[in-house]
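So the structure is just underneath, and the comments pick up after that.
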Amino acid sequence: MGFLSFVEKRSAPGSVEKATTTAELFGTDTPADEPLTRETALKVSAVFACVRLLTDAIATLPVDAYRRVAGRRRPLAAPDWLIKPNPDIGRIAFFGQIMTSLLLEGNAYILVSRVGGRVVALDVIPASMVEPRYVATRSGRKCLVYQLSVAGEKEPSDVVGALGPEDVVHLQGLPLAGELRGVSPLKAASLTIGSALSALEYGAAFFADGALPGAVVNVPGPMTPEGLRAARQTWRNIHGGRGNRHGLAILTEGATFQKVTISPDEAQFLQTRQFQVPDVARLFGVPPHLIADATNSTSWGSGLSEQNTSFAQYSTRPWVERIEEALTALLVADTGDKRAFVRLNIDAIQRGSLKDRMDTYRVGLASGVYTRNEVRAWEDLPPDSDYGDFFQLPLNLALLTPDGPMSLSGGKTKAEPGDEPDAPPEPGMGDDPEHDEADGGEDSAENPKEPVDD
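Going by UniProt numbering, the first residue of the sequence shown is number 1, and it counts up by one from there.
Here it is, written out as structure tokens:
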């Protein structure tokens, strides 16, 4: 017997179609029909696991600043607000607030504080307190402002201020054409999360309130209320308490004892709750096996390395690039350097085992892709001050240039067309003294020999 059949039997008389709340549907008073908020959504373990996984994965990524020079990126001294965005909280907590706001509300708003025109601090504003909208200026032009309100209310009397786009960094989740705000996952998937919350709260109320008795005694014929109370109290007096456990029960007058049992599948709605885990994971774009759902085979890769690569590529990269784009715009506005940009090192997610990393480094070093200091920095080791910044290549490699193969050491690997080899010495030339004399050497006619005495 499945979930719906169980509800149909346990519900009060009446049609299920007439139920307007979960309390009416399940026949128990649960708070599931309260508004779906960040706090109530996080009560669902699958939602909490997805938000925690993505938040921790991105908030712990290394953040660096670079400057593009001649098509290459060069390290740039990161400003203080990028190293520690807020003096009251750490960098990981700051980026964690951005991610939870994006994942739960579809938007993240960062308040930019400046002193002397330079950025000094960043604060994440609750998305429920901000409403982006266009207003008309005196000249009739359209201007974007961010209205701040109390407790998320958008009534004019509750608006406490407005900020310009230069004071707010707005990150959107899923964007819609013509909308200034990103789509809130809680609103877009309210039925998915709400049904998971309903099943969770009903299951808790089911066991807390004792929806079913442990056993029943069938008595033939009608009984008066006084007789029912007397029979129940007599049973408790005889078989209740520690000392009377597992005692022998004797039923008279045709009464029969029947124990009421219910399968865990019906009591805890296992089928429904198991389906809700991959359903919520699909909502957040998270592999189900990363939130402890290994019931089905995964299509995210055959090995751990492939699965981590898929998670980095499909789950985290879109969020990483949103943050990089927003912080790069802020860095350019703060420094005035249009070639500066911010990068979150997403490769940290794909960090493999020690053996896999060493194999990768070995190939990268041998092919001249990495320097030793780059590898040592990735392994959190001190740099080599002598030759650590030099690329190393095998001496037997050559570059294929338009002029022909060129040795990596700078010499040609073979003679080019038109290059004449050195002419061999003519016959008779060399150390032959007779040739030296005939050719006008040291002992030639220009330098006659001294006469020899007979």
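All C-beta atoms in this analysis are idealised placements derived from N, C-alpha and C, irrespective of residue type, glycine included.
- Identified DSSP bridge partners for D403: Looking at the DSSP assignment, D403 forms no beta bridge with any residue, so it has no partner.
Exercise. Could you tell me the boundaries of the beta strand (DSSP E) in which I83 lies?
Key: Counting along the chain, I83 falls outside any beta strand (DSSP E), though it belongs to the alpha helix (DSSP H) covering D80 to I83.
(Q) So, does the stretch 105 to 117 touch the stretch 136 to 143, judging by three or more C-beta pairs under 8 Å? (A) no
Q: Specify the secondary structure class of Q276 as computed by DSSP and reduced to three states.
A: helix
Could you pull the start and end residues of the alpha helix (DSSP H) that T100 belongs to?
R91 to E105
| message | According to DSSP, is V7 part of a helix, a strand, or is it coil? | response | Only weak support is given to the placement of V7: the predicted model assigns it a pLDDT of 34, under 50, and the value that follows is read from those uncertain coordinates. Three-state DSSP puts V7 in a helix.
Name the one or two DSSP bridge partners that F311 has. Answer is none; F311 lacks a bridge partner.
Output yes or no for whether 8 Å exceeds the beta carbon distance between G285 and S315. yes
- Residue span of the beta strand (DSSP E) that contains I125, given as start and end: R118 to I125
For Y134, the first and last residue of its enclosing beta strand (DSSP E) | V130 to A136
- Measure the C-alpha to C-alpha separation of T100 and H170 and round it to an integer number of angstroms. 14 Å
To the nearest angstrom, report how far apart S195 and P132 are at their CA atoms. 31 Å
CB-CB length for G388 against R362, believed under 8 Å
Contact doesn't hold; Cβ gap of about 16 Å is too wide.
TODO: Would you tell me roughly how many angstroms separate the C-alpha atoms of D80 and M129, rounded to the nearest one?
DONE: 27 Å
Run the CB neighbour count on I83, radius 10 Å, all protein chains shown included, and call it buried at 16 or more, exposed below.
exposed
Practice problem: Label I323 either buried or exposed according to how many other C-beta atoms from any shown protein chain fall within 10 Å of its C-beta, with 16 as the threshold for buried. | Solution: buried
Note to self: With distance defined between alpha-carbon atoms, name the residue in D64, I98 and R91 nearest to T55.
What the structure shows: I98
Legend entry - Span of the beta strand (DSSP E) around D64: V63 to V69
Rounding to the nearest angstrom, what Cα-Cα distance links V216 and L200 in this structure? 28 Å
Open item on the list: Less than 6 Å between C-beta atoms, sequence neighbours within five positions excluded: which residues of the same chain meet that for V277?
Closed with: A46 and D293
Whole-number beta carbon distance between L148 and A127, since they are thought to touch under 8 Å = The Cβ separation is near 11 Å, so there is no contact.
Rounded to whole angstroms, what is the Cα-Cα separation between R68 and G116? 27 Å
- Message: So within the stretch 304 to 369, which uninterrupted alpha helix (DSSP H) runs reach at least 4 residues, ignoring any that extend past its ends?
- Response: 304 to 310, 317 to 335 and 354 to 366
query: Are A78 and A59 close, meaning C-beta to C-beta below 8 Å?
result: no
Exercise. Taking only runs that begin and end inside the stretch 158 to 209, name each unbroken beta strand (DSSP E) of 3 or more residues, in chain order.
Key: 159 to 163 and 168 to 172
Here's a check: name, in chain order, each residue in its chain whose Cβ is nearer than 6 Å to the Cβ of L180, leaving out the five neighbours to either side. P132
Practice item. Using three-state DSSP, classify A57 as helix, strand or coil. Key: helix
query = Start and end of the alpha helix (DSSP H) containing residue 510?
reply = Any property of residue 510 remains undetermined from this structure, which presents the chain solely from 1 to 454.
Simplified DSSP assignment, three categories, for N237
helix
Exposed or buried, G227, counting other C-beta atoms within 10 Å across all chains shown (16 or more means buried)?
exposed
| request: Can you tell me which of the three DSSP states S139 falls into? | output: coil
| said: If you measure between the beta carbons of L186 and A41, is that distance less than 8 Å? | reply: yes
- Message: Helix, strand or coil for S113? Go by DSSP, reduced to three states.
- Response: strand
| query | In whole angstroms, what is the alpha-carbon distance linking G254 and L290? | reply | 57 Å
Q. Should L104 be labelled buried (16 or more other beta-carbon atoms within 10 Å of its own) or exposed?
A. buried
(Q) Taking 8 Å as the threshold (C-beta atoms), are L283 and A366 in contact? (A) no
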